[in-house]
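Residue numbers (our numbering): 24 to 297.
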């Protein structure tokens with residue numbers, strides 16, 4: 024099994040809004056071209072710790088990235104690291120904290136916004152540092168990287184849903200409409216990605232509460248959506264999923280050798296082997 028993979032992280036999108044506001048993603052599921060699941064994020068339900076969890080499979084209590092002010096390189100082995108070490112190409116269009124985790128910290132816009140280095144974990148990068156950086160620009164950045172670099176693994180990470188939640192709360196029309204705009208932006212690119220043979224996972228790091236915050240145990244803070252698109256995913260009925268196992272699942276999908284925990288039942292070959 025060896026596929027090309029795109030991981031889309033919609034920062035701050037909780038399951039409740041993901042379940043009803045993402046019309047295009049759910050249309051693909053209703054047409055039998057994808058599947059929708061939910062899972063609880065790890066604690067604390069905060070961004071930087073959960074970027075590390077999604078990309079290394081390490082829980083915050085194990086990675087040491089326990090809050091957003093831990094500004095340093097990751098000490099874990101990320102999907103980017105695994106891919107490059109095994110001859111695959113990587114790229115990321117993402118918030119600057121991803122650059123700090125897997126390239127260099129602290130982030131300096133004049134030096135780090137554009138990144139190109141075949142020897143680094145993220146070989147091609149386009150990074151932003153304002154939470155209101157428009158999602159449609161971000162998805163355009165990602166598509167430009169995909170066309171220019173032809174990556175085997177591409178991370179696409181948007182911040183507008185999270186930004187709207189912090190400004191207006193997780194029960195506000197602004198938050199819900201930010202999710203709808205992200206869905207519309209995805210509709211411009213997702214069909215082409217699938218036509219090019221990419222397997223696409225869309226999820227969130229954490230959710231958002233009515234106070235415009237997150238970090239704790241409320242369902243609206245922890246429960247996040249997960250969409251899977253592509254013929255390599257099993258698309259079976261919902262199962263109990265764990266956020267740290269998504270990294271290993273994507274590593275297996277990429278055909279990488281690894282020892283990370285995973286959900287083989289999410290993959291056609293993993294299901295057939297069980």
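Where a beta carbon is used, it is the ideal one built from N, C-alpha and C, also for glycine. Everything numeric in this text was worked out from a predicted model, so none of it was measured.
Residue i: first and last residue of the uninterrupted alpha helix (DSSP H) it sits in
{"i": "residue 206", "result": "196–210"}
{"i": "residue 146", "result": "Where residue 146 is concerned, there is no enclosing alpha helix (DSSP H), given that its DSSP letter is neither H nor E."}
{"i": "residue 170", "result": "158–172"}
{"i": "residue 290", "result": "Taken as a continuous stretch (DSSP letters only), residue 290 belongs to no alpha helix (DSSP H), as it is neither H nor E."}
{"i": "residue 153", "result": "Taken as a continuous stretch (DSSP letters only), residue 153 belongs to no alpha helix (DSSP H), as it is neither H nor E."}
{"i": "residue 269", "result": "268–276"}
{"i": "residue 184", "result": "183–191"}
{"i": "residue 38", "result": "38–44"}
{"i": "residue 2", "result": "No answer is possible for residue 2: it lies beyond the span of the chain, which begins at 24 and ends at 297."}
{"i": "residue 75", "result": "70–79"}
{"i": "residue 127", "result": "It is not in any alpha helix (DSSP H) - residue 127 carries neither H nor E in the DSSP assignment."}
Rounded Cβ spacing between residue i and residue j (contact assumed at less than 8 Å)
{"i": "residue 256", "j": "residue 279", "result": "Not really, about 17 Å apart at Cβ, beyond 8 Å."}
{"i": "residue 149", "j": "residue 116", "result": "5 Å"}
{"i": "residue 47", "j": "residue 248", "result": "Wrong, their Cβ atoms sit about 13 Å apart, outside the cutoff."}
{"i": "residue 107", "j": "residue 144", "result": "6 Å"}
{"i": "residue 222", "j": "residue 28", "result": "5 Å"}
{"i": "residue 258", "j": "residue 57", "result": "7 Å"}
{"i": "residue 89", "j": "residue 199", "result": "The pair is not a contact, with the Cβ atoms about 30 Å apart (cut-off 8 Å)."}
{"i": "residue 283", "j": "residue 80", "result": "4 Å"}
{"i": "residue 217", "j": "residue 252", "result": "6 Å"}
{"i": "residue 250", "j": "residue 225", "result": "4 Å"}
Per DSSP, the bridge partner or partners of residue i
{"i": "residue 100", "result": "In the DSSP output, where bridge partners are listed per residue, residue 100 has none listed."}
{"i": "residue 262", "result": "DSSP, once it has assigned bridges, lists no residue as partnering residue 262."}
{"i": "residue 250", "result": "59, 225"}
{"i": "residue 118", "result": "151"}
{"i": "residue 32", "result": "180, 226"}
{"i": "residue 139", "result": "147"}
First and last residue of the uninterrupted beta strand (DSSP E) at residue i
{"i": "residue 221", "result": "First-last for residue 221: undefined, no H or E at that position."}
{"i": "residue 60", "result": "57–63"}
Neighbourhood of residue i by C-beta, 6 Å cutoff - its chain only, sequence neighbours within 5 removed
{"i": "residue 45", "result": "206"}
{"i": "residue 68", "result": "229, 237, 238, 244, 245"}
{"i": "residue 155", "result": "186"}
{"i": "residue 119", "result": "130, 150, 152"}
{"i": "residue 241", "result": "232"}
{"i": "residue 43", "result": "none"}
{"i": "residue 297", "result": "Bear in mind that a pLDDT of 49 at residue 297, under 50, signals an unreliable position, so the number given afterwards is only what the model happens to contain. Closer than 6 Å at the Cβ level, and outside the excluded window around residue 297, lies no residue."}
{"i": "residue 197", "result": "187, 191"}
{"i": "residue 285", "result": "268, 271, 272, 275"}
{"i": "residue 159", "result": "208"}
Same chain, Cβ closer than 7 Å to residue i, five either side skipped, listed in chain order
{"i": "residue 82", "result": "65, 76, 267"}
{"i": "residue 281", "result": "105, 271, 274"}
{"i": "residue 132", "result": "152"}
{"i": "residue 166", "result": "212"}
{"i": "residue 128", "result": "94, 95, 96"}
{"i": "residue 16", "result": "This structure cannot speak to residue 16, because the chain is shown only from 24 to 297."}
{"i": "residue 203", "result": "44"}
{"i": "residue 99", "result": "75, 79, 81, 86"}
Neighbourhood of residue i by C-beta, 8 Å cutoff - its chain only, sequence neighbours within 5 removed
{"i": "residue 25", "result": "277, 278"}
{"i": "residue 52", "result": "58, 59, 250"}
Three or more C-beta pairs under 8 Å: does that hold for the region 258–269 against the region 70–79? yes
For the region 123–130 against the region 161–176, do three or more pairs of beta-carbon atoms, one drawn from each stretch, fall closer than 8 Å, so that the two count as touching? no
Touching or not, the region 30–49 and the region 179–187, by the rule of three or more beta carbon pairs under 8 Å? yes
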